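So that you can map any letter, position 6 of the sequence shown is 5 in numbering that gives the first Met the number 0, and since no number is skipped, the others follow by simple counting. Just below is one structure, and these are the notes that go with it.
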Amino acid sequence: MTEEIKFLDRLNDVHEFPCEFIFKVIGDNSPEFVTTCVQGAVNVLGPNTKVDVTTRESSKGNHVSVTLTVSIESAELVLKVFAILQGIEGVKYVL
């Protein structure tokens, strides 16, 4: 069983789709970073997707935590959003 299949199975065990899902992205602190994170989720989930966004700067201001809360239809879409978010320039972590 591949890691992706294990992760999909785990997501389906823990969540009942469709559901609200939270993505947290930590990366370089810039206005472009936040916008790019939101746009990445919208590119996967569709232009009518409502994305609730909260941000929090690190104590030194070098990094920002971006929390995206979205309604998501399936575990497969969760993986697609994760993949897009991980590919954004300046990303340190995706949770």
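A virtual CB, placed ideally from N, CA and C, is assigned to each residue, including glycine. Keep in mind it's a predicted model, so treat the numbers as computed, not measured.
Point to revise | Rounded distance between the beta-carbons of residue 40 and residue 80, thought under 8 Å | key: Contact holds; Cβ gap of about 5 Å.
Practice item. Quick one: grab the DSSP three-state call for residue 5. Key: Three-state result, residue 5: helix.
Review point. I think residue 90 touches residue 33, with their Cβ atoms under 8 Å apart; what is that distance to the nearest whole Å?
Key: Their Cβ separation, rounded to whole angstroms, is 12 Å, which puts residue 90 and residue 33 out of contact at 8 Å.
Review point. When you compare each of 22, 47, 51 to residue 77 by their alpha carbons, which one comes out closest?
Key: Per the C-alpha coordinates, the member of 22, 47, 51 positioned closest to residue 77 is 22.
Exercise for review: Going by DSSP, name the residue or residues bridged to residue 20.
Suggested key: 69.
Point to revise | Cα-Cα separation, residue 1 to residue 15 | key: So the alpha carbons of these two residues sit roughly 22 Å apart.
Review point. Given residue 62, which residues of its chain have a CB within under 7 Å of its CB, disregarding the five upstream and five downstream residues?
Key: The residues are 25, 26, 27, 28, 91.
Check your understanding: Any heavy atom of the ligand MN closer than 8 Å to the CB of residue 22?
Key -> Annotation note on the ligand MN: not contained in the displayed structure, which lists no ligands.
Review point. Residue 88 by DSSP, collapsed to three states: which one?
Key: Residue state for residue 88 is assigned as coil, using DSSP reduced to three classes.
Practice item. State the Cα-Cα distance for the pair residue 55 and residue 44, rounded to the nearest angstrom. Key: Straight-line Cα distance between these residues: approximately 24 Å.
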